[in-house]
Amino acid sequence: MENKAMKLVLSGAPHFVTGYDIQKTMGMVIIALLPALAGGVYFFGPRALLVTAVSVVSAVAAEFLFRKALRRETHITDLSAVVTGMLLALILPVSSPLWMAAVGSAFAIVVAKELFGGLGGNFANPALVGRAVLLMSWPAFMTRWSPSLHAAAVDATTTATPLGILKLGGTITDVIKSVGASGKPALYLQMFLGNHAGCIGETSGLLLLLGAVFLVVTRVIDLRTPVAMIAAVFAASWLFGRDPVFSVLAGGILLGAFFMATDYVTTPVTPIGKWAFGIGAGLMTVLIRQLGNFPEGVTYGILLMNVVVPYLDKIIPRKFGFVKPRKVNA
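The sequence shown runs 247 to 576 under the numbering used here.
Here you go:
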């Protein structure tokens, strides 16, 4: 009888049974991000594509060189570094210096991902860690906004984001004026389409939802966390006396909810954990917007919830099997 050696593969959590491997899953995410990237190029010009390219190249190079230096197997073909680079670029202003995009992307890969063991070992979303570091290190660059190339308004406040206008003491009326809308319904429509100042890939709710639908249909993401996060932002904004529809459409709520709060590694795997994560991220986002110094809170809202994921997974953990009690004869 021929003896065949069996190979036992050990890997870190989380564990999913799926027909997709890492490369295919990351490829799906890249496809889903393309509409938002195309919108960034349309609204802010070709420099959006340049910032994204620099960020992606830096992420891939950082992962390759770091793993080579430590004599580890390289995994750049799994496309996870490409996704990190794209996500970071989409949450940067189009006016960001290219060197800053490269530094943030390299930091995200090396410090937030590889120092914790690589893909599957990181406890926080690398792209959000990279943005948080850039925001703390070079806040002037990270808050230098460019108006949409297709904006009808020429008011000076056009160079501020809708959330930034409110943080500076403005009102919804000022926001309406800044985007050249005729009223609230027109403001909602314009923000949904994305024709206003903001980060490269966060302004268009329509394009982000197109990508999100693709991920849902292909079963790459679960809807529990995004729905919980968006609902929490809506409800908490209403309780604080803010326009809830505006709060959902403004800033990076949709980008964060569908593309970052659904990360397999840094978010819960249990159903109730997903709901709790989304609610917590949404509440933290609104609290930071309302009480913090920054007009936006998605980055820190999700990062703070990343830290408590191990505890969220312990809430009614999923049972994968039972041990049948053995009958003992007296």
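We put the beta carbon where it would ideally sit given N, CA and C, even for glycine.
No experiment lies behind these values; they were computed from the predicted model shown.
Report the three-state DSSP secondary structure of residue i (helix, strand or coil).
i	result
Val466	coil
Glu448	coil
Val400	Below a pLDDT of 50, predicted positions are generally treated as unreliable, and Val400, at 48, falls in that range; the measurement from the model is reported next regardless. It is coil, neither helix nor strand.
Lys314	helix
Lys423	helix
Asp538	Contrary to the premise, residue 538 reads as Gly rather than Asp in this sequence. Three-state DSSP puts Gly538 in coil, outside helix and strand.
Arg390	coil
Ala278	helix
Tyr510	coil
Asn552	helix
Ala406	coil
Lys560	coil
Leu524	The question names Leu, but residue 524 in the sequence shown is Gly. Helix.
Leu273	The residue you asked about is not Leu; residue 273 is Gly in the sequence shown. In the structure shown, Gly273 sits in a helix (DSSP, three-state: H, G or I).
Gly457	helix
Thr531	helix
Ala493	Per the sequence shown, the amino acid found at residue 493 is Ser instead of Ala. The answer is helix: DSSP assigns Ser493 an H, G or I state.
Ile418	helix
Ser483	helix
Leu439	helix
Val379	helix
Gly367	coil
Leu395	coil
Thr471	helix
Gly502	helix
Val544	helix
Gly429	coil
Out of the options, which one is the CA nearest neighbour of residue i?
i	options	result
Met272	Gly447, Leu333, Leu316, Leu283	Leu333
Thr464	Met274, Ala308, Leu485, Ile411	Met274
Gly526	Phe353, Ile548, Met506	Ile548
Val473	Asp267, Gly502, Phe353	Gly502
Ala347	Lys314, Lys520, Thr516, Ala378	Ala378
Phe362	Thr512, Ala482, Met388, Thr545	Thr512
Phe460	Ala284, Leu533, Ile534, Phe505	Phe505
Thr449	Arg535, Phe369, Leu395, Pro556	Leu395
Leu295	Thr531, Ala282, Tyr546	Ala282
Leu529	Ser493, Ala478, Asp489, Trp521	Ala478
Thr536	Gly410, Leu381, Ile561	With the sequence shown as reference, residue 536 is identified as Gln, and Thr is not the correct amino acid for it. Per the Cα distances, Gly410.
Tyr510	Gly498, Phe289, Val466, Gly543	Val466
Leu452	Phe486, Ala406, Gly440	Gly440
Leu550	Ile322, Gly444, Ala406, Leu533	Leu533
Ser341	Thr417, Thr389, Ala496	Thr389
Pro343	Trp391, Phe492, Ile476, Glu309	Trp391
Ala358	Thr323, Lys560, Asn552	Asn552
Met437	Val306, Ile518, Pro393	Pro393
Ile277	Phe540, Met382, Ala458	Ala458
Trp345	Ala327, Leu311, Leu380, Val356	Leu380
Phe540	Pro556, Met475, Met382	Met382
Ile355	Pro385, Phe310, Trp384	Phe310
Any beta carbon from chain B within less than 8 Å of residue i's own beta carbon?
i	result
Lys314	Checking the listed chains, one finds no chain B in this structure; it contains a single protein chain.
Exercise for the section: Inspect the CB distances between the segment 344-354 and the segment 295-307 and report whether three or more fall short of 8 Å. Expected result: yes
Problem - Unbroken stretches of the alpha helix (DSSP H), 4 residues or longer, contained in the segment 286-365 - result: List check, alpha helix (DSSP H) in window: 293-315, 326-336, 344-356.
Exercise for the section: Would you be able to state if there are at least three C-beta pairs under 8 Å between the segment 365-377 and the segment 324-339? Expected result: yes
Handout entry: Stretch pair the segment 420-440 + the segment 310-321: three plus CB contacts closer than 8 Å
Key = no
Exercise for the section: Check whether the segment 473-485 touches the segment 436-454, counting contact only when three or more Cβ pairs, one atom from each stretch, lie closer than 8 Å. Expected result: no
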